[in-house]
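This report concerns only the one structure given below.
2 protein chains.
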Amino acid sequence: MEARVGDADHQALKVWLRLLACTTQIENEIRRRLRTQFGMTLARFDYLAQLYRQPEGLRMSALSRYLMVTGGNVTALTDDLEAEGLVLRETDAGDRRSFKVALTPAGRKAFEKVAQIHEGWVIELLGGLVPAQKHELHELLGRLRVHLSQSQENNA
Amino acid sequence: MEARVGDADHQALKVWLRLLACTTQIENEIRRRLRTQFGMTLARFDYLAQLYRQPEGLRMSALSRYLMVTGGNVTALTDDLEAEGLVLRETDAGDRRSFKVALTPAGRKAFEKVAQIHEGWVIELLGGLVPAQKHELHELLGRLRVHLSQSQENNA
Numbered sequence: 043m044e045a046r047v048g049d050a051d052h053q054a055l056k057v058w059l060r061l062l063a064c065t066t067q068i069e070n071e072i073r074r075r076l077r078t079q080f081g082m083t084l085a086r087f088d089y090l091a092q093l094y095r096q097p098e099g100l101r102m103s104a105l106s107r108y109l110m111v112t113g114g115n116v117t118a119l120t121d122d123l124e125a126e127g128l129v130l131r132e133t134d135a136g137d138r139r140s141f142k143v144a145l146t147p148a149g150r151k152a153f154e155k156v157a158q159i160h161e162g163w164v165i166e167l168l169g170g171l172v173p174a175q176k177h178e179l180h181e182l183l184g185r186l187r188v189h190l191s192q193s194q195e196n197n198a
Numbered sequence: 043m044e045a046r047v048g049d050a051d052h053q054a055l056k057v058w059l060r061l062l063a064c065t066t067q068i069e070n071e072i073r074r075r076l077r078t079q080f081g082m083t084l085a086r087f088d089y090l091a092q093l094y095r096q097p098e099g100l101r102m103s104a105l106s107r108y109l110m111v112t113g114g115n116v117t118a119l120t121d122d123l124e125a126e127g128l129v130l131r132e133t134d135a136g137d138r139r140s141f142k143v144a145l146t147p148a149g150r151k152a153f154e155k156v157a158q159i160h161e162g163w164v165i166e167l168l169g170g171l172v173p174a175q176k177h178e179l180h181e182l183l184g185r186l187r188v189h190l191s192q193s194q195e196n197n198a
């Protein structure tokens, strides 16, 4: 009985450790493949992915926030990508002190090529689940996120 | 019809992005609480947690591998924790060139205090799921991990 209570107590911890382990394993594998197949860091891929979703461009500050996960140095990445003709810095009409960054057409094209292969990797890495299981996982993680957002608002 | 095919194609990507978002959000919140409530880095917590699970101690090299996730500097952490009396370096009987590290009784006690509160945070952060849903999530992530381990073996 006590053992069962103990198990129930540790359920959340077990789920969290497994969530962390799966995410880390997938992320490391994607990082490895980006490096070996494209000579690209995960930070650079995430940077391009964020800009791709915002065709009108993003302020540097917003981009830095989005990229907190991978911790890339946004200014250095922007310098490199601008030199390669993949992004453009433009002064923000609303705030002349700050810059916006946007993908160039060449940048969009370069990202699309990598993104397609990246999605193939993700499909393969998540291949342990049939579509109905992926759907169920997506639903459960959605519930988790709603609760996380609420508890962060309560703590703010 | 095409839109539905498109949705199905992107299912794995959507699941992955949500998995990454949930993990990052929980990890950042735990990192924040460790810092504000215990003045402790996540790397230090993970270091102590790994040693706690290995009462006979761990080689520095094994510890470094386990801590890849949080990227803590194992040597610097060991120096700090040894100075505080929480860990002990001992020469490895099997290989005199390498050190093993183990928690001292004071280290075990100090970790247990933080670990108990940490588990309370995890229970709270995962509170969006009822026990049956946590069980289901644990199962799905288990399937995912088995597949991930297999595909890594195939790539090795």
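Which chain is which? The protein sequence lines are R and B, in order.
At the far end of the first sequence sits residue 198, using the working numbering, and the numbering has no gaps.
At the far end of the second sequence sits residue 198, using the working numbering, and the numbering has no gaps.
Each residue gets a CB set at the ideal place from its N, CA and C atoms; glycine is no exception.
Along the length of the region 138-180 of chain R, whole alpha helix (DSSP H) runs at least 4 residues long occupy 147-167, reported in chain order.
DSSP places residue 83 (chain R) outside both helix and strand once states are collapsed to three, so it counts as coil.
Only exposed fits residue 188 (chain R), as fewer than 16 other CB atoms lie within 10 angstroms of its CB. Per DSSP, reduced to three states, the secondary structure at residue 182 (chain R) is helical.
Around the beta carbon of residue 127 (chain R), a 10 Å sphere encloses fewer than 16 other beta carbons of the protein chains shown; the residue is thus reported as exposed. The Cβ atoms of residue 57 (chain R) and residue 93 (chain R) lie no closer than 8 Å to each other. Within chain R, no C-beta atom comes less than 8 Å from the C-beta of residue 140 (chain B); the nearest is roughly 25 Å away. Taken atom to atom, the span from the alpha-carbon of residue 74 (chain R) to that of residue 190 (chain B) is near 14 Å. Setting aside the 5 residues that flank it on each side, residue 132 (chain B) is surrounded in the same chain by 99, 141, 142, 143, 144, each with a C-beta closer than 8 Å to its C-beta; the list follows chain order. In this chain, the beta strand (DSSP E) harbouring residue 132 (chain R) covers 129-134.
Residue 68 (chain R) is classed as buried because its beta carbon has at least 16 other beta carbons within 10 Å across all chains shown.
Under the three-state reduction of DSSP, residue 109 (chain B) is assigned to coil, being neither helix nor strand. Listed along chain B are 60, 63, 64, 67, 170, each with a C-beta nearer than 9 Å to that of residue 187 (chain R). Remark: fewer than three beta-carbon pairs, one from each stretch, lie closer than 8 Å, so the region 159-174 of chain B and the region 113-124 of chain B are not flagged as touching. Chain R places a beta carbon closer than 8 Å to that of residue 193 (chain B), counting this residue as a contact.
Comparing alpha carbon positions, the residue from R:184, R:180, R:186, R:90 closest to residue 186 (chain B) is R:180. Note on residue 65 (chain R): 16 or more other CB atoms within 10 angstroms of its CB, so buried under the neighbour-count rule. The Cβ atoms of residue 149 (chain B) and residue 90 (chain B) lie closer than 8 Å to each other. Comparing alpha carbon positions, the residue from R:192, R:158, R:194, R:182 closest to residue 55 (chain B) is R:158.
The bridge partners DSSP lists for residue 101 (chain R) are R:142. Residues of chain B with a Cβ closer than 9 Å to the Cβ of residue 92 (chain R) do not exist; the shortest Cβ-Cβ separation is about 12 Å. In the three-state reduction of the DSSP assignment, residue 52 (chain B) falls in the coil class, being assigned neither a helical nor a strand state. Counting along the chain, the unbroken alpha helix (DSSP H) around residue 124 (chain B) starts and ends at 116-125.
The Cβ-Cβ distance between residue 53 (chain B) and residue 155 (chain R) does not fall below 8 Å. In the three-state reduction of the DSSP assignment, residue 74 (chain R) falls in the helix class. Nearest to residue 136 (chain B) by C-alpha distance, out of B:101, B:117, B:109, B:119, is B:101. Any Cβ of chain B closer than 8 Å to the Cβ of residue 105 (chain R) would place that residue at the interface, and such an atom is absent.
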